[in-house]
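Using the numbering used here, read the sequence shown as starting at 812 and increasing by one per residue.
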Amino acid sequence: MICKKRNAAGKASSGGGQSAKSAAERSKMAALSPRLRRPFCVALLGLCAVTAVLLIVLLARTYSMKPAVPPPGIRAQRGERRVEAAFSPQERRDLKEALKGAIRLQTVSFAPDDQNTTALAEFGPYIRKVFPAVFSAPFIQHEVIGEYSHLFTIQGSDPQLQPYMLIAHIDVVPASPTGWDVDDPFSAEERDGFIYGRGTLDNKNSVMGILHALEFLLRRNYRPRRSFYIGLGHDEEVGGEKGAVKIAAELESRGVKLSFLLDEGMFILDGVISGLKKPTAIIAVTEKGAITADLSVTMVPGHSSAPPKRTSIGILSEALSRLEQQPMPNMFGKGPEIMMFEQLAPEFSFPLNIIMANLWLFAPLVGRVLEQTPATNAIVRTTTAITMFHAGVKSNVIPPSANATVNFRIHPAQTVAEVLEIVDKTIDDKRVKIEAVSAFDPLPVSPWDNQTFGPRVFRQTILDVFPDVGSVAPGICIGNTDSRHFTNLTNAIYRFNPVVFKPDDMPRFHGLNERISVESFEKQVEFLFQLIQNSDIDQSPEPHANVHEL
């Protein structure tokens, strides 16, 4: 018993010691606590302050940004004659049938030295028949360039005004005879208000639209004040070397300098960009560069019964797989594409308006989102497309070689040399030979401000013809056009096809069921009809009479 009591007493004594120690530690921590709390509170307050300032900056930038409204508009000067675009029912039938006739001419380009020259030769007499006023006007000169391309010089009544130029192309890409909703891709069949056929969007609608607009103005006895040129190339789909290049060279030899040039390119996008409340007109101020590269592997052929560990097909397939699995870097925010989103920021709904107005902070996030779909991925990076592959001679023969063609469309923030260097590092295999067959850098960015004549004309004309358009903004043309051959004539090159473009229209380009609605084509002719008149103004200091949020 005595022993037990002693043990109990020992335990009690020990427990008391531990309690005393714990109390001492708590007392010590309590003494240290204010010193620890103070910097923590300061840091927390600092973080709250930074967050509050950042929030204020974000909201201030968002709600202080003005919509992409037009600059002071184009207005006719006192005494200048304006012609209303009130097309008669017969004229509407005429323009529709004229486009159909152009579609039926199969002006297909397969390769630079493989074109349907029979159809190209027939196109000249066809437009001469359809547009009699254009070919008979004494102040219009028509020339055939490079055998099948056409150059029109419209001499304005005021030679002091600097001329401009409208261009388009006659040729089209091949069309699969099967898979279309109509029997023949060159039938120009009209169905449910749409004209189907290769070239309805790329680009005979522009060819016929330009000439029809001029024809209708001439029928109304309108003579332009400002001189302008119309260039219709015949080989844009295969590089434009025989058409647009020669047209540009001819004009350069004459000392021509242009106030602006308008070619095909971007559209009025309706439902294409998520979050925008209204249709948006995007006018491309540049276009991507391009590389067509041949990749090849050569090996000693042999019998398939004793194959090597790797064949030329396997080696090249692995190289191509690397290119697809390791895409070019995301360049969003480093090129002119950022201008488009910043100018459109006020048109986005919440919270996208805050994000787009503050791309200095959110650009990496937006870039990641845009790269998720093919159409917007093409805006943020140099794209890689494996388009052709050739290999093998017989089922029981080891292939002596394998060849592939890869097409790169270069982001404006990169160059040909930079892209080829990335390709070489990505493949990282000396057995794969890389050869650039053709290449050119992205085009210079054209001016886009309230003082530049071309954008002022485009904005005002969009205002006149498309009142439902919510905004007008600069953009990038992800494809290539004939306009790249005219950089010696002007630094103001723009790419815009005045047609409403919906999400399901993207696959129709160079694909199946290319089509244009009759209404859209009429609107395109009206746009060009008004553009010619709006371009006749030499200065335009006053705002448009109607308030319209573009």
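Glycine is no exception: its CB is placed at the ideal position from the N, C-alpha and C atoms. The structure displayed is predicted, hence computed values, not measured ones.
For N1014, the number of other beta carbons within 10 angstroms of its own is at least 16, and it is reported as buried. Ranked by how close their Cα comes to the Cα of S1331, the residues L1012, I1093, A1186 have L1012 in first place. In terms of Cβ geometry, K1334 and V1283 do not form a close pair [threshold 8 Å]. In the DSSP assignment, M976 falls within the beta strand (DSSP E) that extends over 975-980.
For A1156, there is no enclosing alpha helix (DSSP H), as DSSP marks it with neither H nor E. Straight through space, the alpha carbons of A1101 and I938 are spaced by roughly 33 Å.
The C-beta separation of G1044 from S947 comes to about 24 Å, leaving the pair out of contact by the 8 Å criterion. Annotation: the continuous alpha helix (DSSP H) that includes P936 extends over 928-941. If you ignore the 5 residues before and after T1187, its C-beta comes within less than 7 Å of the C-beta of L1181, all in its own chain and listed in chain order.
If you draw a 10 Å sphere on the C-beta of Q1154, you find 16 or more other C-beta atoms in it, and that means buried. Counted as a single uninterrupted DSSP element, the stretch harbouring D924 is not any alpha helix (DSSP H), since DSSP gives it neither H nor E. Exclusion of the five residues before and after T1193 leaves M1139, F1219, R1220, I1221, H1222, Q1225, V1230 as the residues of its chain whose Cβ lies within less than 7 Å of its Cβ. DSSP places G1290 outside both helix and strand once states are collapsed to three, so it counts as coil.
When secondary structure is reduced to three states using DSSP, E1333 falls in the helix class. Annotation: T1011 is outside any beta strand (DSSP E) and is labelled neither H nor E by DSSP. When rounded, the separation of the alpha-carbon atoms in V1177 and I1273 is 28 Å. Spatial neighbours of K1244 in its own chain (CB-CB distance under 6 Å, excluding positions within 5 residues in sequence) are listed in chain order as S1107. Here P1211 has P1112 as same chain residues with Cβ atoms under 6 Å from its own Cβ, once five neighbours each way along the sequence are excluded. Excluding the 5 residues flanking it on each side, Y1007 has same chain C-beta neighbours closer than 8 Å at W991, D992, V993, P996, S998, A999, E1000, E1001, N1324, E1325, R1326, in chain order. Distances from the CA of G1020 to each of V1329, G1322, R1065 were compared; the closest alpha carbon is that of V1329. Following the DSSP letters along the chain, one finds G1076 inside the beta strand (DSSP E) bounded by residues 1072-1080. Per DSSP, the continuous beta strand (DSSP E) segment holding Q952 begins and ends at 951-956.
Rounded to the nearest angstrom, the gap between the Cα atoms of D1316 and V1204 is 40 Å. Secondary structure note for D969: it is in no alpha helix (DSSP H), with a DSSP letter that is neither H nor E.
Within a 10 Å sphere around the beta-carbon of P1090 sit 16 or more other beta-carbons, which makes this residue buried. By the C-beta density criterion, H980 is buried, having at least 16 other C-beta atoms within 10 angstroms. At the C-beta level, G1050 and P923 come within 8 Å of one another.
The Cβ atoms of T1109 and S1128 do not sit closer than 8 Å to each other. Distances from the CA of R892 to each of A1213, R1031, A932 were compared; the closest alpha carbon is that of R1031. The DSSP-derived three-state label of V1276 is helix. At the C-beta level, F1251 and Y1305 stay beyond 8 Å of one another.
Secondary structure at N1214: strand, using DSSP grouped into helix, strand and coil. Note on geometry: alpha-carbon atoms of N927 and P985 lie some 10 Å from one another.
Under DSSP, R1306 forms a beta bridge with D1074, A1095. Counting other Cβ atoms within 10 Å of its Cβ, M1199 stays below 16 and is therefore classed as exposed. Of I956, R1295, D969, K940, the smallest CA-CA separation from F950 is found for D969.
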